[in-house]
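Enquirer:
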Amino acid sequence: MWSARSNGLSSVASARLKFDVPVAPAMKKTDWDKRIQRAVELAERYSSAAEVLAFYRHILEFQKTLRADVASSSSPAGGDKAAFREQLNLDIAVQQLPALLALVQRTGPPKLAQEAAEIGAGKLHLSSPPCYASSEEQREMLRSFLLSTDANGPESNHFFARVLLQPQAEHLAATQQTQSADSSASVCPACGARPQVAVLRPEGEGGKRFLVCSFCATEWEFRRILCPVCGEVDHQKLPRYSAEDFAAVRVEACDTCKYYLKSVDMTVDGLAVPLVDEIATASLDIWAVEHGFNKISPNLMGF
Amino acid sequence: MTNGWIDIKNTDMMLIMGGNPAENHPCGFKWPVEAKRNRNAKMIVVDPRFTRTAAVADLFCQIRAGADIAFLGGMINYALENNRIAKDYLVNYTNAAFIIKEGFKLPEDGLFSGFDAATKIYDKSSWNYQEGGNETGKAVLAAPTEGHEAKAALMPVSTAAKGAASTPPPPPSLPPNIAYDLSLQHPRCVYQLLKQQYSRYTPEMVERITGIPKDQFLKAADLFTSVRKNGDMKKVATIIYAVGWTQHSFGTQIIRTAAMLQLLMGNVGRAGGGVNALRGHSNIQGATDMAGIFDILPGYLKVPNPTDKDLKTYLDRITPKPAKPNEWESFNYWSNTPKFMVSFLKAMYGNAATKDNDFAFQYLPKVDRNYSWVNIWNDMYEGTVKGMFAFGMNGVMIGPDSQKNIDALKKADFLVVCEIYPDETSAFWQAPGITPDDLKQINTTVYRLPGAGFAEKDGTFVNSARWLQWKNAALPPPGDCRLDQDILAQIFLKIRELYQKEGGKFPDPILKASWAYTLPAHPSLSEIAKEINGKALADISDEKTAISLKAGQQLPGFAMLHDDGTTSSGNWLYCGSWTEAGPMMQRRGTEDPSGLGIYPNWGWSWPANRRVLYNRASCDLAGKPWDPTRSQVWWNETAQKWVGNDVPDFKPDSKPEEHMGPFIMNPEGVGRIFVPLGAMADGPFPEFYEPIESPIENPLHPSQSTNPVVKKYKTKMDKYGTPKEGYNIVCTTYRLTEHYHYWTKNNPMNVELVPEPFVEIPAELADQMGIRGGEKVKVTSARSDYIAKAMVTKRIKPMMVDGKKLYQIGMPIHWGFLGISEGEGRTAKMPANLLTPTVVDPNAYTPEFKGFLVKLEKV
Amino acid sequence: MDVSRRAFFKTGIAGAVGITVFGFDARPLLAQAGSLKISRSTETRSTCPYCAVSCGVIIHTIGDKAKNVTPQVIHVEGDPDHPINRGTLCPKGSSLQQDIQNERRILKPQVRRPGSDHWDDISWDQAIDEIARWTKKTRDATFIETDAKGQTVNRLESIAFTGGCTDTNEFNYLVVKTMRSMGVVRLENQARV
Amino acid sequence: MSDRGTLRIQQISAHPGPVAGEGAQRQDKVCKLIDTTTCIGCKACEVACVEWNDMPFQTTYFDNTYQTMPDTDWNYWNLIKFNEDEHDNGSFAWLMRKHQCMHCEDPGCLRACPADGAIVQYSNGIVDFQQENCIGCQFCVSGCPFNIPKFNPNTKKVYKCTLCSDRVGAGLEPACIKACPTGCLHFGTKDDMKFLAENRASQLREVSGFQNAGVYDPDTIGGTHVIYVLHDATKPERYGNLPAKPRIPLSFTVWKDIFKPIGLFGAMLGFVGVVMHYVFEGPRREQPTPPVVRIDPPPPPAGKEN
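Protein chains in written order, with numbering that gives the first Met the number 0: chain A, 0 to 302; chain B, 0 to 858; chain C, 0 to 192; chain D, 0 to 305.
(1) Mind pulling the chain A residues with CB within less than 7 Å of LYS177 of chain D?
(2) Return the Cβ separation of GLN252 of chain B and PRO685 of chain B in integer angstroms, given the expectation that the two are a contact with Cβ distance under 8 Å.
(3) With 8 Å as the limit, tell me which residues of the stretch 162-186 of chain A have their beta carbon closer than that to any beta carbon of chain B; keep them in chain order.
(4) Is the distance from the Cβ of LEU95 of chain C to the Cβ of CYS47 of chain C below 8 Å?
(5) Check whether the stretch 525-539 of chain B touches the stretch 577-591 of chain B, counting contact only when three or more Cβ pairs, one atom from each stretch, lie closer than 8 Å.
(6) State the start and end residues of the unbroken beta strand (DSSP E) segment that holds TRP76 of chain D.
(7) Less than 6 Å between C-beta atoms, sequence neighbours within five positions excluded: which residues of the same chain meet that for MET68 of chain D?
(8) LEU241 of chain D and PRO235 of chain D: beta carbons closer than 8 Å?
(9) Run down chain B in chain order and give the residues with a C-beta less than 8 Å from the C-beta of THR67 of chain D.
(10) So what does DSSP say about ILE202 of chain B, is it helix, strand or coil?
(11) Please report how far the alpha carbon of GLU692 of chain B lies from the alpha carbon of GLN284 of chain B, in whole angstroms.
(12) Starting from the N-terminal side, write out each stretch of the alpha helix (DSSP H) that is 4 residues or longer and does not extend beyond the stretch 718-776 of chain B.
(13) Within the same chain, show all residues whose beta-carbon is closer than 6 Å to that of PRO508 of chain B, passing over the 5 residues directly before and after it, in chain order.
(14) To which residues does DSSP link ASP46 of chain B through a beta bridge?
(15) Pull up the distance between the alpha-carbon of GLN130 of chain D and that of VAL72 of chain C, whole angstroms please.
(16) Beta-carbon within less than 6 Å of ASP276 of chain A's beta-carbon, same chain only, minus the 5 sequence neighbours each way: which residues are those?
(17) Count the other CB atoms within 10 Å of the CB of ALA142 of chain B; is the residue buried (16 or more) or exposed (fewer)?
(18) Please confirm if GLN189 of chain C has its CB atom under 8 Å from at least one CB of chain B.
(19) Looking at the structure shown, is LEU595 of chain B part of a helix, part of a strand, or coil, going by DSSP?
(20) From HIS185 of chain D to ASN82 of chain D, what distance separates their C-alpha atoms?
(21) When you compare only the Cα positions, how much space is there between LYS775 of chain B and ARG782 of chain B?
(22) Could you check the C-alpha separation between GLU285 of chain D and CYS417 of chain B for me, to the nearest Å?
(23) For the stretch 209-228 of chain A, which residues have a CB atom closer than 9 Å to at least one CB atom of chain B, in sequence order?
(24) Which stretch, first to last residue, makes up the alpha helix (DSSP H) that contains GLU129 of chain C?
(25) Is the beta carbon of ASP6 of chain B less than 8 Å from the beta carbon of ALA270 of chain B?
(26) Since PHE61 of chain D is in the beta strand (DSSP E), which residue starts that stretch and which ends it?
(27) Our contact map puts ARG138 of chain C next to MET181 of chain C with C-beta atoms below 8 Å; I'd like the distance itself, whole angstroms only.
(28) Would you say the stretch 826-839 of chain B touches the stretch 722-741 of chain B, given that touching needs at least three Cβ pairs under 8 Å?
(29) Identify each residue in the stretch 136-152 of chain C for which the Cβ-Cβ distance to at least one residue of chain B is less than 8 Å, and report them in chain order.
(30) Is it true that the CB of VAL228 of chain D sits closer than 8 Å to the CB of VAL206 of chain D?
(31) Is GLU418 of chain B helix, strand or coil by DSSP?
(32) Could you round the C-beta distance between GLY114 of chain C and LYS439 of chain B to whole angstroms and report it? I think they count as a contact, below 8 Å.
(33) With a threshold of 8 Å between beta carbons, is CYS41 of chain D in contact with chain C?
(34) Using the beta-carbon count (16 or more within 10 Å), is PHE56 of chain D buried or exposed?
(35) Since PRO582 of chain B and GLY622 of chain B should fall inside the 8 Å C-beta cutoff, what is the C-beta to C-beta distance between them, to a whole number of angstroms?
(36) Does LEU32 of chain D come out as helix, strand or coil in the three-state DSSP assignment?
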């Protein structure tokens, strides 16, 4: 939280400050407690998202219990995204599935709970890609998620896969510390998934933009006034929409490709936890969609 | 800057002199600080005042304003005496080994050979290389005798006198086959002459002239040259300067001395090295590149003069032929001048520029005299300049001699000012002291047009580091304000319309200037930027690079320019800034693979996106970097070409064994320690001269105290003070961190930070005169006087100069008669430049704002 | 999938029971989304107009061109991506907003007539017309086609153009084109001094 | 203020009984590091302070120095002090020190303050004035070893640098930090900042030839949450009267150390407060509400103290 200056200047303790490189936040062990605590706070602050956050909190607490260090951390050639996914341990994930299904049936929203029940009970699930409930088929479900290029559709089977594999992915990405070579990569340099949210971190008088991966939560530098989807740079075509209700979160849209993502401005609220604040401001997503914009990638709660 | 802002972080040693970056470039100054923090680099600051830059320096020397050449000459002497030089670099990358013609004479008496006292012009024919081949180790000739010199000195005078009657004939050219002595022993080789020239700049002499105690100078000299201890080439030193050097009647020669020192030590072309001018304003670099000044055309092409009866004559005159030792290679890049020039004419006059009409060469005015800044005001004062356009240029405040400029404007017929704030130039008739009766006599019609602020305009600025950076317009101009380019276009189109309707003197260039902008009265700067880059006018191709272009396509770079009218380019130097790939100066890539701070994909840097100039010199003869930890470019044996982290500033396929010189813009291909022929007006080596207003006679040669080719101006406004008349305090002017020129006096925050003008006075002098801080003092020069509060400070010490005790004072320039504090009656409503003299550097025509004489009294 | 989601929300708005793909009750969210006071802002990359470090700045403006609302500057931010200033600004740069929106700006063309002690307002058309006539009159009266030695010089010595330090390259090129074409040789700029 | 929600209080001026939030897990101690050896006195931090705190434009006057004004003011909390520093040996330095509240670990202002809740020290070390509880007695002014608190005659309240407690409360750096173009300002945990500072100091001693370089973090007041790297830590006075051994005036320490244990204390201070308030403002208009209420209601004074 107390990151020292990051305006590209080395400090005498260069160990702590990287010289001449925008300091990406240290990719240390996922701080689940921080996310859980933030989810609780925001549930109080934004009643509109209370139900969603309450469920998300359960999911976070579940993810916290999962062993993340099962993914082999034998680092593949940096940025080899396929190899990255190969290293995630599906068997463990399959073992963890029943517990998740139970949790969702107990605490999840109706449709998701019903689905959990069906997967658990081995009924045929009609959503595509089809997935069946034998453990082999469950494994296949997780696998199909990993192989899908857009590794985060809103389909609920993707929901289960994301919940189970995300801790492994985060752990793996952290151990690999993949850094993007340029500041205009629109997909995660570690796992290749699309960005979930942008975060602005203090850099001098300004806010340096990073994108947060929707799967492995890697943050990579992504320069300002540039559309992550179509590469638009015309500032007139890149409106930012903000609401008084959310001081630090805004919609960063593109009039050219009509995609958007939200950004969390840490120069306004240093206590924000991007992935959680992103979910807590679902009403901004609704506003954006109503106004004809498409989200780059829906979040874990399906928004 | 030969290098760039970020590159300063790569240095091991900084000499900051004639500049004050901590105060005037705070955000750029993070990089010197970075070098200190990260590389333990040392910082030497030399300045008349202990500045905020000095406050973080490792060593500070207080120098008498204007004594810089003596200090740097002393440095050169020290480096030579103590073998703190880069031998291989010197022999192979500079003209140190070249032999100079007999008859050349050093200025022991203050004059080089060839001076004509009548015209105050040098005949430079003796400032030339000797023809011939390799003289290495050959019979050593006797040093030139008196006789030689006498002859040498006499001979040219007559020719010069002849020349002076009419326009002087074009100077003789450099020999194609230059004689040289790689052992550097020949008594007339540049190296020996250099030694001889600066042997007079002993530490004792440096102390006499600069006022810097000998031991302190030696400390500085030893520290700076320590990067070249025993000729080791690993470390690099940089020299950083600003207008503290340019604003002297010998400014160009100060910079030359610095360049020579850097060549001598092998610091040019290297990361963390170079000679780095910190420009004072956001687009001064661009304005120079784009020839906002009378004596050049865009891309530093020489203006035509009346003897250029046609395009060919002109091109023959200005296109240099290679001049080098036969055994060496020279790229001589300026040999492409005809391509640059013809492409420029095509951009200017489009289809009206044809082979048959010399590409409209005659449309360009011919220049054979000095029309520079101070001459404009001088001639307006004398009545020959009737009208003036001033777009964002506050000439009354800028001076020199503001009163002369005000009185000049009184004599003009019309003045057109485009500004965003009320400025002193358009309001010259409201200057303090002008009575209602005077007003009735002032017949100047003044138009004050509201222009647009920076945030309301798009377009390109070029920073000190030669980076072109496009900015976008954030909002429209307020009220009835208009975009500057629209105002200019609308005035021009109206004039063109009048010539169409009514005819008039030589209307062709006005009627035929190309104006193919979608909205003629609102030319888009993007369209202009593309025109500046240039395009193919016919299908062209280049077999070497296998690039071929269709007519109408943007040019990828100046290598594609032609001299047959098949290409156009408004400024060859910017060719490559807006290609078919798009606007390069709009790029914002933040990657820096080498870690050297090159940022190849951020904006675009001239020439050819090269971030450090002369970077071939960062390698040894074999093409390997002098310091592998700072590898910029290198020779790739397998690929048989020059490659690297930066764009090689070199002929890409020239093998090291071809021995091509790294300084490709010189016909010799090497760095010029000795500048031959006409390149400098006042000498091939810098010599120390006193400022025009000086407290002492030049200790080197009292008989020739000041720069011999500098002319004083003659109007009754032009008075120059002497110590005899009581002007015995040296005064200098400068800017503050908190303010910007004559602009932020309109911003409350900046005014709060520094509300009022002041005069910095040495505590000792103040005590003598009974002046206490905050009391009003009057500073008087031969021109005028100036009243402000005294800042009594220990940061300016009295100094002993040539045995005499001397005081220096200084004053910031930011206040005039229009502004927040001015409006509140908290200033004397006087521009600081009321005091400064009208006299200019003979090479750059920059006025001598720094180091003039004043009297000081309590009010 | 995006289409279906939008369709879903549309129905949600339409009053049908709003539930999300996962079955969350969307009504509170829809309600809040409807009540949000959204402001549209634009970020514009610019360059500080002061010294030659040329620090990058990002100017934040609100107001929608499309809706014909004149943009207002709400914030000037040091460009965090800029390799030289890295988001930092000096005391001049950090007060740039005062320069952009400053009550001392001159907002209309004015003329001071011979002998007059005050400014008079003048229309743009009038001003430009008068300036053009002044220029032509002066040029026609003093244009020099050949010098004493009969050499072609085609120059105008009686009118000077002086350009400022914040003029862009493109503007400066227009200056060269227009002024040189009129024969102006007294062409100078802050670059000289 | 938003910070009340996020910053835990450690000490409260003139507050009877234990402090709210005590016993709960500690927050990191924060600290601002100022490296005077790389400060160029550009005043970007002054502008940032004025802008963040919405200070009104005020007319300043030339005072024979580059310093914006002689001292900090109730509406100007951050000031670069310029000091021309000459030595007998002829050596000269122009020392620039960013002057603002030092946020003492043992704050004299807080000790001296008789008004319940007018001055609080958060457990992250920030010392903050709560103007709504200030009675304008100005004891804090005499209690401060650095002459920081400044009285506004119009509002009859005392003001000073809050270390941007509102920003810090929101997880941000103070406004001045982000403004510094040379990176001579840092903000972080006290441990981190001490580490940076000591490193820089040793670099100055070993490489730059400043044998006396060191870190200013005076233990006489339990250390400060604003620390300096100085070229010469042996003579902090050179930097515009930075006291080598800052001390809280005895009277105040005595007060606290002697009376605090005694139950009278709360009542007495309350009384003093009333008197002071009466003296300075006449009859009390409204009861100032102690901030602790908003944090966590304090238990009543323990019985044994009666």
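In this text, a Cβ means the ideal position worked out from N, Cα and C, and glycines have one as well.
Expert: Well, looking at it:
(1) PRO201, GLY203 and GLU204
(2) 4 Å
(3) ALA180, ASP181, SER182 and SER183
(4) Between LEU95 of chain C and CYS47 of chain C, the C-beta spacing is below 8 Å.
(5) yes
(6) Counting along the chain, TRP76 of chain D falls outside any beta strand (DSSP E), and DSSP gives it neither H nor E.
(7) THR59
(8) yes
(9) GLU751, LEU752 and VAL753
(10) For the sequence presented, residue 202 of chain B should be read as Pro rather than Ile. For PRO202 of chain B, the three-state secondary structure derived from DSSP is helix.
(11) Note on geometry: alpha-carbon atoms of GLU692 of chain B and GLN284 of chain B lie some 29 Å from one another.
(12) 747-752 and 762-768
(13) Correct list, in chain order: TYR362.
(14) B:GLN61
(15) 32 Å
(16) VAL248 and VAL263
(17) Low local confidence applies: a pLDDT of 46 at ALA142 of chain B is under 50, so the model's placement there is unreliable, with the coordinate-based value given in what follows. Under this definition ALA142 of chain B is an exposed residue.
(18) yes
(19) coil
(20) 22 Å
(21) 20 Å
(22) The pLDDT assigned to GLU285 of chain D is 40, lower than 50, so where the model puts this residue is not dependable; a value taken from the coordinates is nonetheless given after this. In this structure, the alpha-carbon of GLU285 of chain D lies about 59 Å from that of CYS417 of chain B.
(23) GLU220, ARG222, ARG223, ILE224 and LEU225
(24) 123-141
(25) yes
(26) Looking at the DSSP string, PHE61 of chain D is not in any beta strand (DSSP E), and its letter there is neither H nor E.
(27) 6 Å
(28) yes
(29) THR137, ARG138, ASP139, THR141, PHE142, GLU144, ASP146, LYS148, GLN150, THR151 and VAL152
(30) no
(31) strand
(32) 5 Å
(33) yes
(34) Classification for PHE56 of chain D: exposed.
(35) Contact annotation, PRO582 of chain B with GLY622 of chain B: C-beta distance approximately 34 Å; criterion of less than 8 Å not satisfied.
(36) Strand, per DSSP.
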